[in-house]
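Accompanying notes for the structure given below.
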Amino acid sequence: MIETLRNKLDNTSLREFISSLSLNGNKPGTAYGRKYSRALKAYVLGEQYLLPFDGPGFKAVRKHGLYTDKADGYIDQARDKIESKISEYPDVILIDFHELLRFEWQTEGKEPEDIDRIVIGWNAWRMLCAKDRSMFTETWIIENLVEIDYLAKELWEFYQEITNT
495 MIETLRNKLD
505 NTSLREFISS
515 LSLNGNKPGT
525 AYGRKYSRAL
535 KAYVLGEQYL
545 LPFDGPGFKA
555 VRKHGLYTDK
565 ADGYIDQARD
575 KIESKISEYP
585 DVILIDFHEL
595 LRFEWQTEGK
605 EPEDIDRIVI
615 GWNAWRMLCA
625 KDRSMFTETW
635 IIENLVEIDY
645 LAKELWEFYQ
655 EITNT
């Protein structure tokens, strides 16, 4: 979806377009519902107090016994409740919370080598979304993201490759 937008708009226009989207979705003349509007604002604009919350994240929450009743289990209601509760803690970035939920769902029942690839991809995504990327080094990765040396090295190499550094 973002690539489609990027093909149509330059970076400034893309940011302006996403800024104009309603958090409730359904901007007249677009097909962007609540989920996509919030995801675009969170990931592209870096609005850290928005919870994108998609199906995989919702499944992880339900797996832990939350929002299992149909009355409270609809994804929009769950998103609103979680966003409201967690927003009381200013140090929690809701994109990270969402990605942690997805990470659990994505790794369940996977082989170790598949989990390694998910760990590298997931952490590279988090690094790319960071406001300040100047601190990233292989040592920083080991101390803050991935304690396993070979995974930290692979993550650092992958990150350098995708950022052309």
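Everything in the sequence shown is counted per the numbering used here, starting at 495 for the first residue and increasing by one. Glycine residues also receive a C-beta, built at the ideal position from the N, C-alpha and C atoms. This structure is a prediction, so every number in the text was calculated from the model and none was measured.
In the structure shown, the three-state DSSP call for Pro546 is coil.
In the structure shown, His592 falls within a helical segment according to DSSP collapsed to helix, strand and coil. Around the C-beta of Tyr561, 16 or more other C-beta atoms lie within 10 Å, and the residue is accordingly described as buried. Taking Trp599 as the centre and dropping the five residues before and after it, the same chain places the C-beta of Pro550, Lys553, Ala554 closer than 6 Å to its C-beta, in chain order. Of the candidates Lys529, Leu594, Thr631, Glu510, Lys529 places its Cα closest to the Cα of Tyr568.
A contact is defined here as three or more CB-CB pairs under 8 Å, and the stretch 608 to 626 fails this definition with respect to the stretch 572 to 581. Taking the Cα positions, Lys579 is about 31 Å away from Trp634. Around the beta carbon of Ser531, 16 or more other beta carbons lie within 10 angstroms, which makes this residue buried.
Between the stretch 644 to 653 and the stretch 613 to 632, the count of Cβ pairs shorter than 8 Å is three or higher; the stretches touch. By the criterion of a C-beta distance shorter than 8 Å, Gly559 is surrounded by no residue of its chain, once the five residues flanking it on both sides are discounted. With fewer than 16 neighbouring CB atoms inside 10 Å of its own CB, Arg627 falls in the exposed class. Looking at the backbone, the Cα of Ile587 and that of Asp563 are separated by about 27 Å.
Around Trp650, the same chain offers Glu632, Ile635 as residues with beta carbons nearer than 6 Å, after the five sequence neighbours per side are excluded.
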